[in-house]
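Residue numbers for the sequence shown, in UniProt numbering: 1 to 433.
Every residue gets a Cβ at the ideal spot worked out from N, C-alpha and C, and that includes glycine.
From a predicted model like this one, the values you see are computed outputs, not experimental measurements.
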Amino acid sequence: MKLAVIGTGYVGLVSGVCFSDLGNEVVCVDKMSNKIEMLNRGEVPIYEPGLKELIKKNKDVGRLHFTTDLLGAVQQADIVFIAVGTPSLPDGQADLSYIEQAAEEIGKSLNGFKIIVTKSTVPVGTNEKIQEKIAMQSLFPFEIASVPEFLREGTAVQDTLLPDRIIIGTSSEMARKRLIELHKPLTDNIVVTDVRSAEMIKYASNAFLATKISFINEIANICEKVGADVDQVAFGMGQDKRIGSSFLKAGIGYGGSCFPKDTQALIQIAGQMDYDFKLLKSVVEVNRDQRFNVIKKLESILNHLQGKTIAVWGLAFKPETDDVRDAPAIEIISSLLERGAKVKAYDPIATDNFTRHFNMDGVEYCDKAHEAASDADALCILTEWKEFKDISPAIIESWLKRPNLIDGRNIYSEAELAGTELNYYSVGRPAMN
Ligand code: NAD
1 MKLAVIGTGY VGLVSGVCFS DLGNEVVCVD KMSNKIEMLN RGEVPIYEPG
51 LKELIKKNKD VGRLHFTTDL LGAVQQADIV FIAVGTPSLP DGQADLSYIE
101 QAAEEIGKSL NGFKIIVTKS TVPVGTNEKI QEKIAMQSLF PFEIASVPEF
151 LREGTAVQDT LLPDRIIIGT SSEMARKRLI ELHKPLTDNI VVTDVRSAEM
201 IKYASNAFLA TKISFINEIA NICEKVGADV DQVAFGMGQD KRIGSSFLKA
251 GIGYGGSCFP KDTQALIQIA GQMDYDFKLL KSVVEVNRDQ RFNVIKKLES
301 ILNHLQGKTI AVWGLAFKPE TDDVRDAPAI EIISSLLERG AKVKAYDPIA
351 TDNFTRHFNM DGVEYCDKAH EAASDADALC ILTEWKEFKD ISPAIIESWL
401 KRPNLIDGRN IYSEAELAGT ELNYYSVGRP AMN
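Quick look at the structure:
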């Protein structure tokens, strides 16, 4: 099939590349010419394992193209995907301006029948607005569908090629048939719904996962008070098939470009219908508080942070990505600076992105983990990169000026800490000192 994907970010790029790998002709469009130039030079503007190789393979056989020419891309396509961003507005609502602009441009570009599919996460009712917007620009026939995306950054290629399920929300028989045909090579588990339900499935899924994380983080906070070990508790809970073991990892809370904005957007969607989504509001509040436990623990060990050197490992919101949007590191580092600490930060991949987006005077960015840790009064681990897990606590102890380790992601076991003199504080597990 001939596809156009509008928006070449984490979702659009990975989806476009994977569709081309299935044998489809794909044109990926972005209005940022520097992204398209990079891709045409064989460079990849985001870090995502396996993506570079897949781009090269499909570009080389001529099935994958990158352009800023939206009109040309739409005109050659049978199916057009919208994968532009839907960030948060200051009040938490989804900002639909990129969606509206893309719909308008698609409408102006139509030259015959197309299926227009929204992959971006959009509030319930948005696809109907997209339909109206396109219809205002064009007399050519088209059908719309909502096919929300569930990929996770860091494993995006794998998630796209082996999805748990595909949701297709449409009222069009023709769109249903063509989209099932397109997605069939990926999975047999294709769920067809109406458009509004598909839009809601995406928000409900992310809200549920965020709820699991905040739930286990509150259990972790109670574990610290009663002397239980949250990792053992989560393992025991997860053995119950009704609960499941995923998303029960205690830590400093979720971040990233999806959970924070999608939980806020769902609270707003509910509120606009006079529904007070109390549970989700608490999930967000718990998540906000959870990251500050790092600061509280540091203050309890070091008394005050003024003039202290604090090493931070991990700027990305999770491992295997360079994405720093809503990463816990942002607020934690800001709080450290506000308290007068000197911060030395290291991340294996995300430092460039972090410095591009945030201007944090007083942070020394280091090229190596040991540079950040050397001579620090404490080290805080904020992202569970494998590189960090591979460094033994004894080595960390030898680098630090004072033996204080705050492990915000519970990456070390008791056995790994044995024999060290570290004051070790993790999340929901007994402190060791
Ligand atoms: P992103 O910000 O990485 O990429 C969006 C891209 O769209 C940008 O490169 C931007 O330049 C481009 N763009 C915007 N308007 C355009 C236009 N009119 N024409 C051409 N290009 C345009 O965003 P993302 O992380 O890929 O997310 C996209 C959508 O998918 C969002 O709604 C998000 O909530 C959803 N989603 C994201 C993830 C994720 O993990 N990132 C997972 C599932 C769903």
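Quick one: does the C-beta of S257 sit closer than 6 Å to a heavy atom of the ligand NAD?
Within the cutoff, so yes.
Give me the residue from K202, I219, G7 with the minimum Cα distance to C258.
K202
Return the chain-ordered ranges of every alpha helix (DSSP H) run that is complete within the stretch 220 to 264 and spans a minimum of 4 residues.
230 to 238
Taking the alpha carbon of Q232 as the reference point, which residue from K225, R242, I243, L248 has its own alpha carbon closest?
L248
Which partner residues does W313 have in the DSSP bridge list?
Y346, I381
Rounded to whole angstroms, what is the Cα-Cα separation between S97 and V124?
Using only the alpha carbons, I get a separation of about 16 Å.
What residues are listed by DSSP as bridge partners for C28?
V5, F66
Would the C-beta of E48 count as close to the ligand NAD, meaning under 6 Å from any of its heavy atoms?
No, the Cβ of E48 stays beyond 6 Å of every heavy atom of the ligand NAD.
Taking 6 Å as the cut-off, is the beta-carbon of G85 closer than that to any non-hydrogen atom of the ligand NAD?
yes
Let me confirm a value: residue 436 is counted as buried when at least 16 other C-beta atoms fall within 10 Å, else exposed. Which label applies?
For residue 436 there is no data in the structure shown, the boundaries of the chain being 1 and 433.
Within the chosen definition, does the stretch 262 to 271 reach the stretch 328 to 343 through at least 3 CB pairs nearer than 8 Å?
no
Run the proximity test for M200: is its beta-carbon closer than 6 Å to any non-hydrogen atom belonging to the ligand NAD?
Flag unset: Cβ of M200 not near the ligand NAD.
Where in the stretch 175 to 227 do unbroken runs of the beta strand (DSSP E), each at least 3 residues long, occur, reported from the N-terminal end onward?
Runs found: 190 to 193.
How would you label Y10, buried or exposed, when you count the other beta carbons within 10 angstroms and need 16 or more for buried?
buried
Any heavy atom of the ligand NAD closer than 6 Å to the CB of D352?
no
Between S171 and V195, how many whole angstroms is the CB-CB distance? I'm expecting something under 8 Å.
6 Å
Mapping the DSSP letters down to three states, classify L405 as helix, strand or coil.
strand
In chain order, what residues of the same chain lie with their CB nearer than 7 Å to the CB of H183, ignoring the 5 residues before and after it?
For H183, where only same-chain residues beyond five positions count, the Cβ hits under 7 Å are I166, I190.
Whole angstroms are fine: how far does the CA of G62 sit from the CA of E53?
14 Å
Our contact map puts G7 next to A83 with C-beta atoms below 8 Å; I'd like the distance itself, whole angstroms only.
Going by Cβ atoms, the distance from G7 to A83 rounds to 4 Å, so yes, they are a contact pair.
Going by CA-CA distance only, name the one from Y425, N423, P393 that's closest to A415.
P393
Is E384 near R409, with beta carbons less than 7 Å apart?
Yes.
Less than 7 Å between the C-beta atoms of A345 and Y365, yes or no?
It is a contact, given that the beta carbons lie within the stated cut-off.
For T187, count neighbouring Cβ atoms within 10 angstroms of its own Cβ and tell me buried if that reaches 16, exposed if not.
Classification for T187: exposed.
Helix, strand or coil for M360 per DSSP?
coil
Got a sec: does the ligand NAD put a non-hydrogen atom nearer than 6 Å to the Cβ of M38?
No - the ligand NAD has no heavy atom lying nearer than 6 Å to the Cβ of M38.
By DSSP, does K80 sit in helix, in strand, or in coil?
Reading off the sequence, residue 80 comes out as Val, not Lys. In this structure, V80 counts as strand in the three-state DSSP scheme.
Do N404 and I301 have their CB atoms nearer than 7 Å?
Yes; because the gap between Cβ atoms is below 7 Å, this pair is in contact.
Considering only the beta carbon of each residue, do K66 and L39 sit closer than 7 Å?
Sequence check: residue 66 is Phe here, not Lys. Yes; because the gap between Cβ atoms is below 7 Å, this pair is in contact.
Check this for me: beta carbons of A350 and L280, under 7 Å apart or not?
no
The ligand NAD and D407: does any heavy atom of the ligand fall closer than 6 Å to the residue's C-beta?
no
I'd like to know if the stretch 95 to 115 and the stretch 71 to 87 are in contact, where contact means that at least 3 CB-CB pairs between them fall below 8 Å.
These segments touch.
For L139, count the other beta carbons within 10 Å of its own beta carbon; 16 or more makes it buried, fewer makes it exposed. Which is it?
exposed
On the three-pair Cβ rule with 8 Å, is the stretch 274 to 290 touching the stretch 353 to 361?
no
Out of curiosity, what's the CA-to-CA distance linking M360 and G256?
19 Å
Just to confirm before moving on: does the CB-CB distance between S20 and L71 stay below 7 Å?
no
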